[in-house]
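What follows is a short report on a single structure.
Residue numbers (the numbering used here): 2 to 702.
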């Protein structure tokens, strides 16, 4: 007889009972008592029953996370897997499991606006779950399952209607965007009445421990006490990033957070490699002249060409504000223009024309700027465009091309069509419906060319495409990492080709060297960039530092030296970041691989195998995975059987050493037998056997 599918969290109930005995008349204490009672009495889940009711191929860690959240966290958890490991899939499994048990009739999903449609499409296509996307306050009277952006949800028009209802399940994607306790988003979410809540974020701890405190408090109010108590007990005075006792804090976070690290599961995910390519590009003669003259113009303009208030005007607040605000805005525009220098003549010409109309420019510089804009418009041959067209002509597979600039996008669209390729635009200027149609067409067109601006770098799942072109390189490496993450993710079957177009003897080539050689951006796995740039100040700081370096440099050679210095700082930041990551790991919840390493000698053999399955600590002998598929044996059945497996010695193998035989039975009565080497890490699953099919009797109710 298997264990019951429902249970009461006796430990939580005992804590609640102890709290009652303390006595308190405050309203806040009463509210916390009420919520903690509800949490304690929520039924647990013995096993997952809906894994055959979707179209996805779940990975072992996703199954384990979903079961852990439902069984041990009672449906309130931070899903903190690193980027690309499938937090959305985990949330979908949990949603499905709660739904089939009648516990998720009313569901609210909060996401960034750009991801609303993707969530809606994925839940429909992968889990057969339909969700509405309310646009009017009146919609909330009849909608029971909704996906809405944070800002729409907490805005004046919708917030009151949402807060009228009690929601069975609330899912918050990119939850680090609601971690600020004084923000409207956080205050709104705190008011939402709910039974279960999932916070999805790859970065639960970014800047300080207050962020982690805020997220956990959303899940379980009172779990960490008041902020003052938490500070006294857990935060090092004067250093809000460091915990007094990492072990004690990790014990607390492990009760509400599950985090899977890419390094733990990489062999199972088995993402194909990345292959960066940097074609050799030399500017045409006209482009080279335009480039040199524009660079000289911008340097002169920044130093000598801006309006300066007179001595009399300096005494007037309005003039001072105008100058300060104007120069700051000009520096921002200068950074943008520098990044357009080698995008396209069309993008550069339009930017120079707009710049020349600014009131801060002295008259002679306005004239000079317009002359350069005219020269840009007269450029007829562009070296980068020719390389791009040759690439399209010689390669018929679908490709996604990123550009930051609409004039360049229009140029590329025409170029793709001229070489006979279906050109598909995906830009922020398009409506949601138009962008959805673009993605659908790109999926259908095997030779399609998706031309995307920045909006295409976040949230999209394009693993059916294996080629990516960075037509120009943003100075913010996070944007490039996000681009790559659209194609280099779970489900990608082919080597990912990354083509970076940067011309010789340009600022862009200096940026490419920095990204490629110092940051090693194109060899990273998605999610590692934060670690590398953490102590440096982050990707935004790098973008600003590069701008400041160019502004202060007297020549291209001086700029190159400054970029080299910045690169050396980043190398130092990498080392500091690794140390900081270790610090974060000390207070963040362990994943299965980490727990296995720490507790290996104290675990039973089935316990070792269960934790190791799906991680880098359990190798699969040749033929084992194929045999599992032949037996139609689901990973979840193996994990379930290992919970109560019987163990005996099974002799020795010349290649693996001493073996164990583990015999377990699933809740449906299916017997499973594993032969494993489990005396050391990494372990090896040598063979697997199972009943041909589960019997129809004896299943748990």
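Glycine included, every Cβ here is placed at the ideal spot set by N, Cα and C.
Can you tell me where the alpha helix (DSSP H) with residue 682 in it begins and where it stops?
Segment: none, residue 682 is in no alpha helix (DSSP H) and carries neither H nor E.
Grab the span of the alpha helix (DSSP H) containing residue 445 for me, first residue to last.
From DSSP, the alpha helix (DSSP H) with residue 445 extends over 433-445.
Buried or exposed: residue 333, going by 16 or more other Cβ atoms within 10 Å of its Cβ?
Exposed: under 16 other Cβ atoms inside 10 Å.
Pull the bridge partners of residue 426 from the DSSP assignment, please.
For residue 426, which the question treats as bridged, DSSP gives the partners 452.
When the distance is taken between beta carbons, is residue 594 closer than 8 Å to residue 687?
Taking 8 Å as the Cβ cut-off, residue 687 and residue 594 do not qualify as a contacting pair.
When you compare the CB positions of residue 94 and residue 121, do they come within less than 8 Å of one another, or not?
In this structure, residue 121 does not lie closer than 8 Å to residue 94 by Cβ.
Excluding the five sequence neighbours on either side, which residues of its own chain have a C-beta within less than 6 Å of the C-beta of residue 382, listed in chain order?
So the qualifying residues of the chain are 285.
Can you tell me which of 395, 414, 397, 394 puts its alpha carbon nearest to the alpha carbon of residue 403?
The candidate whose alpha carbon is nearest that of residue 403 is 414.
If the criterion is Cβ atoms closer than 8 Å, does the pair residue 640 and residue 661 meet it?
No. Outside cutoff.
How far does the beta strand (DSSP E) with residue 403 in it extend, from its first residue to its last?
Element bounds for residue 403: 400-403.
So what's residue 125 in DSSP terms, helix, strand or just coil?
Here residue 125 sits in helix by DSSP.
Just to confirm, is the Cβ distance from residue 676 to residue 651 under 8 Å?
In this structure, residue 651 lies closer than 8 Å to residue 676 by Cβ.
Which whole-angstrom value is the C-beta distance of residue 573 and residue 560, which I expect to be below 8 Å?
Not a contact, Cβ separation roughly 21 Å.
Measure the C-alpha to C-alpha separation of residue 79 and residue 602 and round it to an integer number of angstroms.
Roughly 29 Å between the two C-alpha positions.
From the DSSP secondary-structure annotation, give me the bridge partner or partners of residue 658.
In DSSP, residue 658 forms a bridge with 654.
Report the residue from 178, 238, 657, 264 whose alpha carbon sits nearest the alpha carbon of residue 201.
Minimum Cα distance to residue 201 is reached at 178.
Is the region 446-458 touching the region 405-424 in the sense that three or more CB pairs, one from each, lie closer than 8 Å?
With the cut-off at 8 Å, the region 405-424 and the region 446-458 touch.
Would you please state the rounded distance, in angstroms, between the beta carbons of residue 501 and residue 513? I believe it to be under 8 Å.
The Cβ separation is near 6 Å, so the contact holds.
Okay, do the region 560-569 and the region 229-237 touch, 3+ Cβ pairs below 8 Å being the bar?
No, they do not touch.
Within 10 angstroms of its Cβ, does residue 143 collect 16 or more other Cβ (buried), or is it exposed?
Looking at its Cβ environment, which holds fewer than 16 other Cβ atoms inside 10 Å, residue 143 is exposed.
Based on the DSSP output, what are the partners of residue 734 in its beta bridges?
This structure cannot speak to residue 734, because the chain is shown only from 2 to 702.
What is the DSSP secondary structure of residue 501, reduced to helix, strand or coil?
Correct three-state label for residue 501: strand.
Hey, could you find the ends of the beta strand (DSSP E) residue 276 is sitting in?
Start and end: 275-278.
Do you know how far the Cα of residue 491 is from the Cα of residue 87?
Answer to the nearest angstrom: the Cα atoms are 8 Å apart.
Might you give, ordered along the chain, the residues of its own chain that have their beta carbon closer than 6 Å to the beta carbon of residue 258, omitting 5 neighbours on each side?
79, 81, 590.
Buried or exposed: residue 473, going by 16 or more other Cβ atoms within 10 Å of its Cβ?
Residue 473 is buried by the Cβ-count criterion.
Taking buried to mean at least 16 other C-beta atoms within 10 Å of its own C-beta, is residue 125 buried or exposed?
Flag for residue 125 reads exposed.
My output table needs one value for residue 197: the three-state DSSP class, helix, strand or coil.
Strand at residue 197.
Only counting runs of 3 or more residues, tell me where the beta strand (DSSP E) segments fall wholly within the region 153-193, in order along the chain.
Those beta strand (DSSP E) runs which fall completely within the region 153-193 and span 3+ residues are 167-173.
Three-state secondary structure (DSSP) at residue 665?
Note: residue 665 maps to strand in three-state DSSP.
So, with DSSP's three-state summary, where would you put residue 61?
Looking at residue 61 - three-state DSSP - the assignment turns out to be helix.
For residue 204, which of helix, strand or coil comes out of DSSP?
Here residue 204 sits in coil by DSSP.
Span of the alpha helix (DSSP H) holding residue 481?
Its alpha helix (DSSP H) spans residues 478-486.
Would you say residue 173 and residue 111 are within 8 Å of each other, going by their C-beta atoms?
The answer is yes: Cβ separation under 8 Å.
Give a yes or no on whether the C-beta atoms belonging to residue 540 and residue 525 are separated by under 8 Å.
For residue 540 and residue 525, no; Cβs fall outside 8 Å.
Based on Cα-Cα distance, which residue from 520, 477, 466, 521 lies nearest to residue 495?
Nearest C-alpha to residue 495: 466.
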